[in-house]
Amino acid sequence: MESKLRGSHFITEQDWTIEELETLFALAADLKAARAEGRPTPLLPAKTLYMIFFDASTRTRNSFETGMTQLGGHAIYLSPDRMQISHGENARDTAKVLSRYGEGIAIRHCAFGEGNAYLRAVAADAEVPVINMQCDVYHPCQILADYLTIREKFGNTRGLKLGVAWTSAPNYVRPVSVPQSLILMMPRFGLNVTLAYPPEFRLMPEIEAQAKANAKAAGVRFEITHRFEDAFEDADVVIPKSWGPLVTTRNTAEGLRLIEKYPTWRCDRERMALGKKHLIYMHPLPADRGREVTDEVIDGPQSVVYDEAENRLHVQKALMALTM
Amino acid sequence: MESKLRGSHFITEQDWTIEELETLFALAADLKAARAEGRPTPLLPAKTLYMIFFDASTRTRNSFETGMTQLGGHAIYLSPDRMQISHGENARDTAKVLSRYGEGIAIRHCAFGEGNAYLRAVAADAEVPVINMQCDVYHPCQILADYLTIREKFGNTRGLKLGVAWTSAPNYVRPVSVPQSLILMMPRFGLNVTLAYPPEFRLMPEIEAQAKANAKAAGVRFEITHRFEDAFEDADVVIPKSWGPLVTTRNTAEGLRLIEKYPTWRCDRERMALGKKHLIYMHPLPADRGREVTDEVIDGPQSVVYDEAENRLHVQKALMALTM
Amino acid sequence: MESKLRGSHFITEQDWTIEELETLFALAADLKAARAEGRPTPLLPAKTLYMIFFDASTRTRNSFETGMTQLGGHAIYLSPDRMQISHGENARDTAKVLSRYGEGIAIRHCAFGEGNAYLRAVAADAEVPVINMQCDVYHPCQILADYLTIREKFGNTRGLKLGVAWTSAPNYVRPVSVPQSLILMMPRFGLNVTLAYPPEFRLMPEIEAQAKANAKAAGVRFEITHRFEDAFEDADVVIPKSWGPLVTTRNTAEGLRLIEKYPTWRCDRERMALGKKHLIYMHPLPADRGREVTDEVIDGPQSVVYDEAENRLHVQKALMALTM
């Protein structure tokens, strides 16, 4: 399994089988244990990962770069405005050249309708693995971390109820990639998923259809609702998170206006009380405190957001060690 | 001593005892010797330091990043405008998340009235050491380097006279952190300190009070004067350096105007001649040549500015090796 | 030879003897083989290279930084706007201070009339090697890679015909450093060089004179022509590449206008057919596809642009390992 993954791209978790993902989770758990023990893990000695960021980042950049250091290699932070991409270099040249120098290319590109296409263009010409650090369609590394966290908390994940709920958060239109990757992958691991959003905030139709197909194949429930509380009732896990009405409108002002139409879509103690006793709260961060979630919840005992953030490191190290 | 320092923050040298600082200087001297000998010093293998810079830097960034490489680890240069801090991430989330990935957080944040508060907020939630790379109140790493330099030049530092003098330098309002950390720490190591500035350029009252208390406890002199030459007369060491009238006015235009009111506060050969024969000239750099100091002095035989800059590397490596 | 090179600057390949350059190419070939074999090459353990970029870069930054990682060290990417250079720090202070921390300083500074002078100013005060990552006059690392590529393709390079041709490319005025370094170095290795450009695009007169002298000393031909096809006829290697009319005018608008005066100076299949059967196409990248060269040529079987880009890595690693 491991050798088969060497050289593989990771643009969406949908392209990887359950067995392949289980290999990754097993290695992630071992790397996490190694770090706790202080055991060195020089799996990628003197190897280089290129990280191209079209968008700002804290967790993603630092977890990848730190991960490469812990694996014995080095990650280079690249910003398109400082590269020849700003002089019109195409994806093919970037892919071909970086493939000659280092061992992997990771890209964040969230512009709706552009990001995934750019990743696929680079992947088509790259001779090294291309890793998706979040695009307009998918955020697979986040979802790997989310799943590892859920498994750590519950052991067996089959039959759990996961609520994925839209929340209202101002100032900018957030990508839809997190909820999309969540509804795609979680059913494959046996979780029943309830997705709640106001009508204008639907996800890409082909992704919702794929999520339904994944759930059916796995024998679990996947339902879409327009009532916030449905995501919380009797849930084991909730991930309330804002995203933009990108499928409805590409107009930013209109998008921001629609977000303000539903100010009560906020995770608070009352909503948390609707779930099972052991309900956990997750969020990929950064959360808009006060708007998406009350401090009481995100800083409270049900919140596992820092464990979730930490797991980014471990799953990504496993991903790099397997593919690069 | 060493094990007690592991995990300690370094926000101000005032929080560290003389014994702890001596441990640091001893290790710094050993690391300096190791570098001269070509002896490897992998004290922080595969470890990561996050460097968050709210302000520009040459010496600080390069000495920390190079230091981590020489210790076997890696330092990541972070700029808030490229991080989710620009999307409103709070200090708590930054602290908690980076603590999960790496082994130390270093911050430069010089905005008057904000920087130190931000460092303390991060330190409150960080599970790894927080290192001050200069804030609005302190610049402890600079002063460690300054002290190591003085000790190297003079051996015993007890009874030496250090003159800390304000100088006039245009274009921007420089922080008060260098003179403040100087007057706080130097008396504790037995130096008599004369601080000279025009009235509008006084330092934070609580810092001046603490400096007086430190001098009293150490049995040395600490005096404040408004005559430039007082800092030079009979001195062993002078550190003439510009800072802004931040305690007097927060208005930048007014601040720049006050700086221009005292153009003769410049270090030149005549002033240097007032000191002892072996008087040395120090400056943390960058100096405004021609305004703060004449080329003749800064490039002359009494200047030890490059030794001083080099010592940033050695003291910071010791600091990281002891705390991280 | 190797020990003599330790500490040497590399501002122009003109300063290095053929024997020194051959030492470099031999090490480059060995490092290339080592990488293919997976053999570690920790020649610069824990050493630091500072890369100061006044201009954008993809290949240069990534090949140097990756190279340092592969040699066991680390390269720091520095941008003057984030350094104290933006606060007026002079070349001397930058040189002196970085020399105290790390083992090499690499600089890209292409501003016409400024770049080379800055490099020489830093070199004058640096106590570590200064490496030219492209200035207004020279791009020696590119030409090292070009020559290694030609040698790999042809074995013996003596008597080959190299055509260096100007091409028309819009939007910005490109430096003259690539053609200048090409005409300087290639004759020394026995290549006959034909340089073709429209009259307004002549190179710096002293560089053309030096190229003639180099050719004469080596007993090969060097000719300048104003007919595009002359560079291709009977050639073994062509390097068609745009540059600005910097010697003719420093006015950008006028420069861009002159570039548009010669739209037919584009490398296409017809021109390639003028060369020898085994003619190869080279370009330092990024190429303006459609304007400088047709996709058919740059993506076709005669193009060796990615091999050429890859060789940047190998020659620069050899350069760093020999000098640092």
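Protein chains in written order, with our numbering: chain A, 3 to 326; chain B, 3 to 326; chain C, 3 to 326.
Where a beta carbon is used, it is the ideal one built from N, C-alpha and C, also for glycine.
Report task. Enumerate in chain order the residues of its own chain whose CB-to-CB distance from Arg-122 of chain B is below 7 Å, with the five nearest sequence positions on each side excluded. Result -> Ile-13
Query raised in the report: Using a Cβ-Cβ cut-off of 7 Å (strictly less than) and excluding sequence neighbours within five positions of Ser-305 of chain A, which residues of its own chain qualify?
Result: Tyr-283 and Val-299
Query raised in the report: Expressed to the nearest angstrom, what Euclidean distance is found between the alpha-carbon atoms of Phe-224 of chain C and Glu-210 of chain C?
Result: 10 Å
**Report entry** N- and C-terminal bounds of the beta strand (DSSP E) containing Lys-243 of chain C
**Finding:** 239 to 243
Query raised in the report: Counting only beta-carbon atoms, is Ala-255 of chain A nearer than 8 Å to chain B?
Result: no
Requested in this report: Starting from the beta carbon of Ser-65 of chain C, find every residue of chain A whose beta carbon is closer than 8 Å, and list them in chain order.
Outcome: Tyr-103
Query raised in the report: Which residues, in order along the region 271 to 293 of chain B, keep a beta-carbon less than 9 Å from a beta-carbon of chain C?
Result: Leu-287, Pro-288, Ala-289, Asp-290 and Arg-291
Requested in this report: Please report how far the alpha carbon of Ser-101 of chain A lies from the alpha carbon of Asp-309 of chain C, in whole angstroms.
Outcome: 11 Å
**Report entry** Closer than 7 Å: Ala-323 of chain B CB and nearest the ligand NAD heavy atom
**Finding:** With respect to the ligand NAD, the structure offers nothing, as it holds no ligand at all.
Requested in this report: Using a Cβ cut-off of 8 Å, pull out every chain B residue sitting near Thr-96 of chain C, in sequence order please.
Outcome: Thr-60
Query - Closer than 7 Å at the beta carbon, the chain B residues around Leu-80 of chain A - result: Those within 7 Å of Leu-80 of chain A in chain B number zero; the least Cβ separation is about 11 Å.
Report task. Check each residue of the region 42 to 55 of chain A: if its Cβ is closer than 9 Å to any Cβ of chain C, include it; give the result in chain order. Result -> Pro-47, Ala-48, Lys-49, Thr-50 and Tyr-52
Query raised in the report: Based on Cα-Cα distance, which residue from A:Gln-182, A:Ala-77, A:Arg-160 and A:Ala-113 lies nearest to Val-166 of chain A?
Result: A:Gln-182
**Report entry** Per DSSP, cross-strand counterpart(s) of Trp-168 of chain A
**Finding:** A:Lys-243
Requested in this report: Determine the DSSP secondary structure at Ile-145 of chain B, reduced to helix, strand or coil.
Outcome: helix
Requested in this report: Measure the alpha-carbon distance for Tyr-140 of chain A versus Val-178 of chain A and round it to whole angstroms.
Outcome: 8 Å
Query raised in the report: Are at least three pairs of beta-carbons, each pair with one atom in the region 233 to 246 of chain A and one in the region 258 to 269 of chain A, less than 8 Å apart?
Result: yes
Query - Ala-311 of chain B: contacting residues in chain C (beta-carbon distance under 9 Å) - result: Asp-95, Lys-98, Val-99, Arg-102 and Tyr-103
Query raised in the report: Nearest CA to the CA of Ala-38 of chain B: which residue from B:Asn-313, B:Lys-279 and B:Pro-207?
Result: B:Asn-313
Query raised in the report: Roughly how many angstroms lie between the CA atoms of Ala-28 of chain C and Cys-143 of chain C, to the nearest whole one?
Result: 15 Å
**Report entry** Cα-Cα separation between Pro-303 of chain A and Ile-109 of chain A, rounded to whole angstroms
**Finding:** 34 Å
Query raised in the report: First and last residue of the beta strand (DSSP E) that includes Glu-225 of chain C?
Result: 224 to 227
Query - Distance between beta carbons of Gln-72 of chain C and Ala-323 of chain A, contact taken as under 8 Å - result: With a Cβ gap of about 18 Å, Ala-323 of chain A and Gln-72 of chain C do not count as contacting.
Query raised in the report: List, in order along the chain, the chain A residues whose C-beta lies closer than 8 Å to that of Gln-72 of chain C?
Result: Ala-48 and Thr-50
Requested in this report: Please list the partners that Tyr-308 of chain C has in chain A, where partner means a Cβ-to-Cβ separation under 9 Å.
Outcome: Asp-95, Lys-98, Val-99, Ser-101 and Arg-102
Query raised in the report: Excluding five sequence neighbours on each side, which residues of the same chain lie with their C-beta closer than 7 Å to the C-beta of Ala-77 of chain B?
Result: Leu-51, Met-53, Phe-66, Glu-67 and Met-70
Report task. Would you kindly report the start and end of the unbroken alpha helix (DSSP H) that includes Thr-50 of chain A? Result -> Looking at the DSSP string, Thr-50 of chain A is not in any alpha helix (DSSP H); the run it does join, the beta strand (DSSP E), is 50 to 55.
Report task. State buried or exposed for Asn-134 of chain A, treating a residue as buried only when at least 16 other CB atoms are found within 10 Å of its CB. Result -> buried
Requested in this report: Identify the contact partners of Leu-315 of chain B in chain C, using a Cβ-Cβ distance below 8 Å as the criterion.
Outcome: Arg-102 and Tyr-103
**Report entry** Proximity test, Cβ basis, 8 Å: Gly-9 of chain A and chain C
**Finding:** no
Query raised in the report: Can you find a C-beta in chain B that's less than 8 Å from the C-beta of Thr-14 of chain A?
Result: no
Query - Nearest residue (CA-CA) to Val-99 of chain B, options A:Met-326, A:Leu-315 and A:Leu-321 - result: A:Leu-315
Query raised in the report: Which word fits Arg-229 of chain A, buried or exposed, when buried means at least 16 other C-beta atoms lie within 10 angstroms of its C-beta?
Result: exposed
Query raised in the report: Within the 8 Å Cβ cut-off, does His-76 of chain B reach chain A?
Result: yes
Query raised in the report: Do Ile-56 of chain B and Ala-97 of chain B have their C-beta atoms closer together than 8 Å?
Result: First, the residue type needs correcting, since residue 56 of chain B is Phe and not Ile in the sequence shown. Against a cut-off of 8 Å, the Cβ pair of Ala-97 of chain B and Phe-56 of chain B comes out as no contact.
Query - 7 Å Cβ shell around Ala-220 of chain B - same chain, five flanking residues per side excluded - result: Pro-189, Arg-190 and Gly-192
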